[in-house]
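Below is one structure, written out as structure tokens; the observations come after it.
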Amino acid sequence: MVRSAEKPASRRMVVERYTWLERVTHLVHLLAMFTLLITGFKIYFGWDFMEFHTARTLHMIAVPFFLVANWLLVPYNVFSCEGQRLCFRDRIRHFRESYMFGEDDAERLFGIVRNFFGKGKYPAFTVYDERKGHYVTKLHPMLKLLIILESTAIAVIAITGIVLYSIAWAPLGIPISGWILSAAWYIAPLFNIDALGLIRLGHLLAGYWFVFELVVHVGILEFDPDVWKYHKAIFWSGKEDLSDRHFVKVIEEKDQKGVIEEH
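First residue of the sequence shown: -10, per the working numbering; consecutive thereafter.
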């Protein structure tokens, strides 16, 4: 049976939505991102609330936390599928269904747009399969699109940040900063600026992207009392009560024959 988000559940069903490591990863990402944005804008615009060397030190301290959270902990959380014994192919399928924007997400997004204009009900974007004991998907379809852009912004921030940290950075004699600058020179003339100017611009625009994403992610998509349960789960309990059917569908077997129906 697939119960719609509007149909009340007959029993309480509390499941783990986020593991402790996922909650820690989210918190580290959030704190590091705020630190990078505040100190980064201070460095770029010269705001007076902090000394330059203090801002730069805090900025550089936050960098490894931000990169470890996004490039090590996030992939581990996505593919480890804690509590599930899955083969490599199943893990890839889990990643595709849970984090990549697909046909079902396009249908949900279309339903969300229709709901905004007063047409139809807000579709459930959290789908839990009780038969298998795990989520099919738990992200808003718009967030799945934001993941692609966020990953691109993180790469841009990291690459350009290397040169801004040191124009001659060459660990183990490998001229990484020089390679980045050389690559930037191929693109910079298109914008009528030099390579270093292009790198600074890219770093700044990526920073603005995270401000925009924060507004969309928190201020628009989740500024709703019915979504506060997700904030509680990601910041504190890690648990979700699926008997609250706002934005939720639960898939379960109706009988021993495995008949599935939708209400």
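By construction, the Cβ of each residue, glycine as well, lies at the ideal position given by its N, Cα and C atoms. Fair warning: this is a prediction, and the values are worked out from it, not measured in the lab.
Using 8 Å for Cβ pairs, my map puts residue i next to residue j. What's the rounded Cβ distance?
| i | j | result |
| --- | --- | --- |
| Leu134 | Phe68 | Leu134 to Phe68, Cβ: 21 Å. No contact. |
| Trp9 | Gly227 | 7 Å |
| Val3 | Asp230 | 5 Å |
| Ile169 | Ile148 | 6 Å |
In whole angstroms, what separates the C-alpha of residue i from that of residue j?
| i | j | result |
| --- | --- | --- |
| Ile50 | Ser232 | 42 Å |
| Ile255 | Gly186 | Because the chain is modelled from -10 through 252, residue 255 falls outside the range shown and cannot be assessed. |
| Met39 | Lys221 | 33 Å |
| Arg12 | Asp183 | 42 Å |
| Trp217 | Leu153 | 39 Å |
| Trp174 | Phe180 | 11 Å |
| Leu62 | Met22 | 15 Å |
| Lys238 | Val145 | 37 Å |
| Gly150 | Gly109 | 46 Å |
| Glu241 | Val102 | 28 Å |
| Pro130 | Glu92 | 10 Å |
| Ile163 | His42 | 27 Å |
| Phe114 | Asn66 | 20 Å |
| Ile249 | Leu132 | Only weak support is given to the placement of Ile249: the predicted model assigns it a pLDDT of 40, under 50, and the question is left unresolved by the model. |
| Phe330 | Arg45 | A question about residue 330 goes unanswered here, because the residues of the chain that appear run from -10 up to 252. |
| Thr126 | His83 | 9 Å |
| Ala172 | Ser140 | 20 Å |
| Ser87 | Val116 | 10 Å |
| Ala195 | Pro112 | 31 Å |
| Phe236 | Leu128 | 10 Å |
| Thr269 | Tyr124 | Nothing about residue 269 can be read from this structure; the chain reaches only from -10 to 252. |
On the DSSP bridge list, what partners appear for residue i?
| i | result |
| --- | --- |
| Lys238 | Val116 |
| Glu229 | Val4 |
Where does residue i fall in DSSP's three states?
| i | result |
| --- | --- |
| Ile219 | Here residue 219 is Tyr; the residue named in the question, Ile, does not match the sequence. Note: Tyr219 maps to helix in three-state DSSP. |
| His42 | helix |
| His123 | strand |
| Lys108 | coil |
| Trp9 | helix |
| Phe199 | helix |
| Asp93 | helix |
| Trp60 | helix |
| Asp79 | helix |
| Leu25 | helix |
| Gly35 | coil |
TODO: Enumerate, from N- to C-terminal direction, the unbroken beta strand (DSSP E) stretches of 3 or more residues contained entirely within the segment 111 to 190.
DONE: When DSSP assignments are scanned along the segment 111 to 190, the uninterrupted stretches of beta strand (DSSP E) that are 3 or more residues long and fall wholly within it turn out to be 115 to 118, 123 to 126.
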